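A.B. asks: Throughout the sequence shown, residue numbering follows full-length UniProt numbering, covering 1 to 114 in sequence. Have a look at this one before I ask anything.
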Amino acid sequence: MSALIKFSNLAFFKDGLALFCYFDLATLNRGEILDLFVYFLLIKIPPKRQNIGHRTSAAKRKREERQNETEETAQRNEGNRLYMSQSYATESSQQHEARNEARRVRIRELRQSL
């Protein structure tokens, strides 16, 4: 009878590899064996894949929704850029200076509050 014990129920599979642990009971005392059991019980097994069917209709719907949201956001941002560029192009130099001064005042107040 061998002094080696195979803990095959603690096999840890990751990326197709299996980890089997062998311990020589002749060199381990009870406290160390208990420590090893606790250590292996605390090893977290990697979670199973959440979305196994990548081509499911739900997955397709989610991808389409994300794509639509991305396109809508891009359109919104482009519209905002056009609006701001038009408003800046049509404002007078006095309006521009007033806007800059208001911005400077806000920045000064923020710096003083810090």
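Ideal Cβ placement from N, Cα and C applies to all residues, glycine included. No experiment lies behind these values; they were computed from the predicted model shown.
Can you look up Glu109 in the DSSP assignment and give me helix, strand or coil?
C.D. replies: Translated into positions along the sequence shown, residue 109 becomes position 109. The answer is helix: DSSP assigns Glu109 an H, G or I state.
A.B. asks: Could you spell out the range, first to last residue, of the alpha helix (DSSP H) harbouring Ser92?
C.D. replies: Translated into the one-based positions of the sequence shown, residue 92 becomes position 92. Element bounds for Ser92: n/a, residue is neither H nor E.
A.B. asks: On the three-state DSSP scale, how would you describe Leu82?
C.D. replies: Residue 82 sits at position 82 when you count from the first residue of the sequence shown. Of the three classes helix, strand and coil, the one that applies to Leu82 here is helix, per DSSP.
A.B. asks: DSSP three-state label for Arg55, please.
C.D. replies: Locating residue 55 in the sequence shown gives position 55, counting from the first residue. Coil.
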